[in-house]
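Structure, as structure tokens:
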Amino acid sequence: MPPATRLEDRLAAAARLVEAELATLLHDAPRPGEMARPARLIGAMRHGVLAGGKRLRPFLVIECAALFGVPVGDALPTAAALELVHCYSLVHDDLPAMDDDDLRRGRPTVHKAYDEATAILVGDGLLTLAFETVAAESAHPDPAIRAELTVLLARAAGLGGMVGGQLLDLAAEGRFDGGAPLDLAEADIRRLQAMKTGALIRFACLAGAVLGGASQVEREALVAYGEIIGLAFQVADDLIDHDGDAALAGKAIGKDAARGKGTLVSLHGPHWARDELTRLVDDAAAQLVPFGGRAAILAEAAGFIARRQA
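The opening position of the sequence shown corresponds to residue 1 in my numbering, with each subsequent residue numbered one higher.
Below is the structure:
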């Protein structure tokens, strides 16, 4: 086995710290102001969250904040809040009424390990816990910063972001009123994917800038970087579904084609998609030029996202 790269080391270290933060947030004991934590619910929430994974989104919060000298511990609450939102979305996406998946990261999905009603409540609980976490004083001593992060996360996760993108995705599959799958134009596919997948990745990068007190120019550079790697993440995901290995992916593949879902891969083909990923990696690196060598890990992360197989 080849030696781990610096990026792999940083990813693994961030994942361990985030996992520990999430485990603390999902402890059995009630927190001040809580009456009780039902054992079945907290157990199911841990099943949906503490399942390993790369923790890419929180890693991006941590690394973008580090550009401005923010210690890892100071970025962890925001990073964990974002991961809670992401995990809630996966639990709900896996439900039979949505993507109807039985496996997630090689384990039974929450509704399979427990039941559908519990899975719905798990998502509700994770989402509300996320906003408690990002709004708490531990996220940042300045209440104005906490308020900004809370608003930005709500917008990324909600109607005009991830949730809206999920609705557009279902509509594109013809899931409403007995319709047929829609023949989406490329611009429609890009907008859908920017909302469903890209919005939280964009937030991760912007959150690091907010935590670090970045200038407007620096914020814009990291937002552009986040938008580009968000698209790269989705194109790579579509390639995995097109011709990936289910064992490596830890979930079923080939579902997009079976549902007639429009993706950039289905529109242009896998060869175009791989060329596009190369272009996106170069474009992402270009956005990081203002940060010089401090952003080397983020530039490497763009390539990692494009090459991933799971």
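All residues carry an ideal CB built from backbone N, CA and C; glycine is no exception.
Same chain only: Cβ atoms within 6 Å of residue i, ignoring 5 sequence neighbours per side
i             : result
aspartate 256 : Asp241, Thr263
glutamine 166 : Lys196
alanine 135   : Arg146, Thr150
arginine 16   : none
alanine 44    : Val110, Tyr114, Thr118, Val122
histidine 271 : none
valine 72     : Ile62
leucine 168   : Leu192
Which listed residue (the options) has its alpha carbon closest to that of residue i
i             : options                        : result
glycine 230   : Arg191, Glu63, Ala154          : Arg191
arginine 259  : Phe291, Lys54, Ala295, Asp183  : Asp183
aspartate 385 : Glu218, Lys261, Ala117, Val223 : This structure gives no information on residue 385, because the portion of the chain shown stretches from 1 to 310.
arginine 146  : Leu211, Gly164, Ala14, Gly160  : Leu211
aspartate 78  : Val91, Leu90, Glu63, Leu103    : Note that residue 78 is threonine in the sequence shown, not aspartate. Threonine 78 has its Cα closest to that of Glu63, out of Val91, Leu90, Glu63, Leu103.
arginine 294  : Ala66, Arg10, Glu116, Ala273   : Ala66
glycine 84    : Leu41, Pro108, Gly106, Leu129  : A quick correction: the sequence has leucine, not glycine, at residue 84. Answer by Cα proximity: Leu129.
valine 217    : Asp243, Glu137, Val289, Ala273 : Val289
proline 209   : Val70, Ile42, Leu11            : Residue 209 is actually alanine in this sequence, not proline. For the residues Val70, Ile42, Leu11, the minimum Cα distance to alanine 209 belongs to Val70.
alanine 284   : Ala310, Arg10, Arg202, Val265  : Arg202
leucine 41    : Pro108, Arg175, Glu116         : Glu116
alanine 23    : Ala273, Leu76, Leu11           : Leu76
alanine 310   : Asp142, Ser89, Asp243          : Asp243
proline 141   : Gly178, Ala12, Asp74           : Asp74
glycine 179   : Pro143, Pro108, Val265, Leu170 : Leu170
aspartate 124 : Ala12, Glu137, Pro143, Ser89   : Ser89
alanine 185   : Ala12, Val265, Glu137          : Val265
Own chain partners of residue i with C-beta closer than 7 Å, once the 5 adjacent residues on each side are dropped
i             : result
proline 2     : Caution is warranted here: a pLDDT of 47 is assigned to proline 2, below 50, making its placement in the model unreliable, and no coordinate value can be reported.
glutamine 287 : Ala221, Ala224, Tyr225, Ile228
valine 163    : Ala157
alanine 14    : Arg55, Pro58, Phe59, Ile62
glycine 161   : Arg155, Met195, Ala199
Residues that DSSP places opposite residue i in a beta bridge
i           : result
leucine 103 : Pro108
Pair within 9 Å by beta-carbon distance, residue i and residue j
i              : j                 : result
isoleucine 189 : leucine 267       : yes
isoleucine 120 : leucine 95        : yes
alanine 139    : leucine 149       : yes
glycine 52     : glutamate 19      : yes
valine 387     : leucine 159       : Not covered by the structure: residue 387. The range shown for the chain is 1 to 310.
alanine 296    : tyrosine 225      : no
leucine 280    : phenylalanine 291 : no
aspartate 99   : aspartate 93      : yes
glutamine 234  : glycine 269       : no
proline 30     : alanine 39        : no
proline 181    : alanine 194       : no
Rounded Cβ spacing between residue i and residue j (contact assumed at less than 8 Å)
i            : j                : result
alanine 207  : alanine 306      : The Cβ separation is near 22 Å, so there is no contact.
leucine 60   : alanine 204      : 4 Å
alanine 214  : phenylalanine 68 : 6 Å
leucine 26   : arginine 46      : 5 Å
arginine 308 : alanine 236      : 5 Å
Spatial neighbours of residue i in its chain, beta-carbon cut-off 8 Å, leaving aside the 5 residues before and after
i                 : result
phenylalanine 131 : Ala81, Thr150, Leu153, Ala154
alanine 86        : Strictly speaking, residue 86 in this sequence is histidine, with alanine absent from that position. Only Arg57, Leu200 meet the Cβ criterion.
glutamate 300     : Thr5, Arg6, Leu7
aspartate 28      : Arg37, Ala39, Ile42
arginine 10       : Phe59, Glu63, Ile297
CB contact below 9 Å: residue i versus chain B
i           : result
alanine 204 : No chain B is present in this structure, which holds just one protein chain.
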